[in-house]
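**Student:**
In our numbering, the protein residues as written are 8 to 387.
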């Protein structure tokens with residue numbers, strides 16, 4: 008194997024594979040060391056250094072009596088090796104330097120290590136194949152590590168890719184040459200895509216598998232909706248309007264509680280936009296999912312009252328020791344407050360992070376507001 012333009016080849020490959028040059032060189036040295044070892048015996052210690060070319064060294068321990076000819080050499084033999092270098096150890100017994108010593112014959116002692124360079128032309132066809140296989144694996148490992156680290160730092164980020172294929176209900180997305188999976192459970196129920204369709208998704212997690220890192224995307228995650236709001240509403244991007252809570256049942260309904268840091272900006276109005284233009288862009292992306300935007304409040308009773316919209320409670324009682332709010336609504340609004348299959352009250356409970364018990368005013372007649380009494384809803 009000739010050492011022609013080895014550094015140019017390394018530069019080209021490490022840029023192509025987007026691996027650091029140092030990491031690539033270490034991988035190449037390791038691969039070549041494994042390959043050369045085939046020519047010197049299974050217990051032989053072979054090291055490779057890539058500088059201006061490929062330099063191959065055989066390393067042996069200096070011993071009094073040889074037990075392994077591939078790994079050991081006697082003191083007398085060591086002194087006769089031309090161009091040998093002597094290992095310099097630190098206090099922990101690690102090699103820190105190889106000394107090219109003219110007076111090697113007097114310095115070599117038992118338990119020392121020496122090395123000498125062997126011709127690269129001994130590199131045979133089998134060794135070359137071994138080096139190729141090891142290098143492929145090293146490059147693959149480095150690429151996997153780089154991919155894992157890159158996407159770990161991008162969890163929670165929105166991406167746009169193309170639908171590549173479908174498998175057992177999962178959608179595989181092509182994102183800049185990287186295959187990303189969107190499991191069936193992370194899809195919006197009822198939404199359909201075709202191969203080649205543009206698709207927007209949230210990077211939800213990155214898994215380590217036997218085949219390398221697997222990036223998992225989601226459109227059902229509540230943070231997917233949060234990111235859509237950030238994209239469409241400048242006031243949220245600027246931090247003037249904040250999403251303080253969000254509860255979602257993907258494909259069906261979402262409740263979003265917003266708050267403004269500027270008294271002159273209505274947070275709900277900012278999210279809805281002129282003639283509903285802003286919220287409509289979000290709704291279109293999630294295929295018509297119903298989105299309720301409400302004002303967030305520190306007052307838990309007011310917050311719960313807002314979260315039960317479109318129902319209008321007439322009385323709310325907060326039980327802090329139970330983290331529960333008892334809500335009384337007009338009889339004709341009981342089903343509205345609870346929602347289909349309990350969805351409205353369930354989302355309200357997730358949004359406010361308290362338990363909510365709902366009863367009708369007919370069941371609690373004493374809850375009816377007296378003349379002149381101000382209800383929680385009217386105060387809100």
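For each residue, glycine too, the CB sits at the ideal point set by N, CA and C.
Just tell me which of 351, 329, 290 and 297 has its CA closest to the CA of residue 319.
**Tutor:** The shortest Cα separation from residue 319 among 351, 329, 290 and 297 belongs to 351.
**Student:** If we ignore side chains and look at the alpha-carbon of each, how far apart do residue 364 and residue 349 end up?
**Tutor:** Cα to Cα, the separation comes out at about 11 Å.
**Student:** Count the other CB atoms within 10 Å of the CB of residue 193; is the residue buried (16 or more) or exposed (fewer)?
**Tutor:** Under this definition residue 193 is a buried residue.
**Student:** So, with DSSP's three-state summary, where would you put residue 225?
**Tutor:** The answer is strand: DSSP assigns residue 225 an E or B state.
**Student:** Starting from residue 30, trace the alpha helix (DSSP H) both ways and give me its first and last residue.
**Tutor:** Element bounds for residue 30: 28-47.
**Student:** Could you check the C-alpha separation between residue 173 and residue 179 for me, to the nearest Å?
**Tutor:** The straight-line gap from Cα to Cα measures roughly 6 Å.
**Student:** Would residue 262 be called buried (16 or more neighbouring beta carbons within 10 Å of its own) or exposed?
**Tutor:** Under this definition residue 262 is a buried residue.
**Student:** With distance defined between alpha-carbon atoms, name the residue in 246, 84, 210 and 36 nearest to residue 226.
**Tutor:** Answer by Cα proximity: 210.
**Student:** Applying the 10 Å Cβ sphere with the 16-neighbour rule, what's the burial state of residue 324?
**Tutor:** The residue in question, residue 324, is exposed, as its Cβ has fewer than 16 Cβ neighbours within 10 Å.
**Student:** Could you please give me the residues that DSSP links to residue 189 through a beta bridge?
**Tutor:** Residue 189 pairs with 178.
**Student:** Would the beta-carbon of residue 166 fall within 9 Å of that of residue 205?
**Tutor:** No, Cβ-Cβ distance for residue 166 and residue 205 is not below 9 Å.
**Student:** Measuring only the C-alpha atoms, how far is residue 126 from residue 50?
**Tutor:** If you take the alpha carbons of residue 126 and residue 50, they lie about 19 Å apart.
**Student:** On the DSSP letters alone, give me the boundaries of the alpha helix (DSSP H) that residue 262 sits inside.
**Tutor:** Element bounds for residue 262: not the alpha helix (DSSP H) but the beta strand (DSSP E), 260-267.
**Student:** Would you mind reading off the limits of the beta strand (DSSP E) that contains residue 68?
**Tutor:** Run containing residue 68: 61-70, per the beta strand (DSSP E) assignment.
**Student:** Here's a check: name, in chain order, each residue in its chain whose Cβ is nearer than 8 Å to the Cβ of residue 362, leaving out the five neighbours to either side.
**Tutor:** Excluding sequence neighbours, residue 362 sits near 329, 330, 331, 332 and 356.
**Student:** Using the three-state DSSP reduction, which class does residue 378 fall into: helix, strand or coil?
**Tutor:** Bear in mind that the predicted position of residue 378 carries a pLDDT of just 40, short of 50, making it unreliable; the figure below should be weighed with that in mind. Three-state DSSP puts residue 378 in coil, outside helix and strand.
**Student:** Pick out whichever of 17, 266, 79 and 213 has its Cα sitting closest to the Cα of residue 158.
**Tutor:** Considering only alpha carbons, the answer is 213.
**Student:** What three-state label does DSSP hand residue 114 in the structure shown?
**Tutor:** Here residue 114 sits in helix by DSSP.
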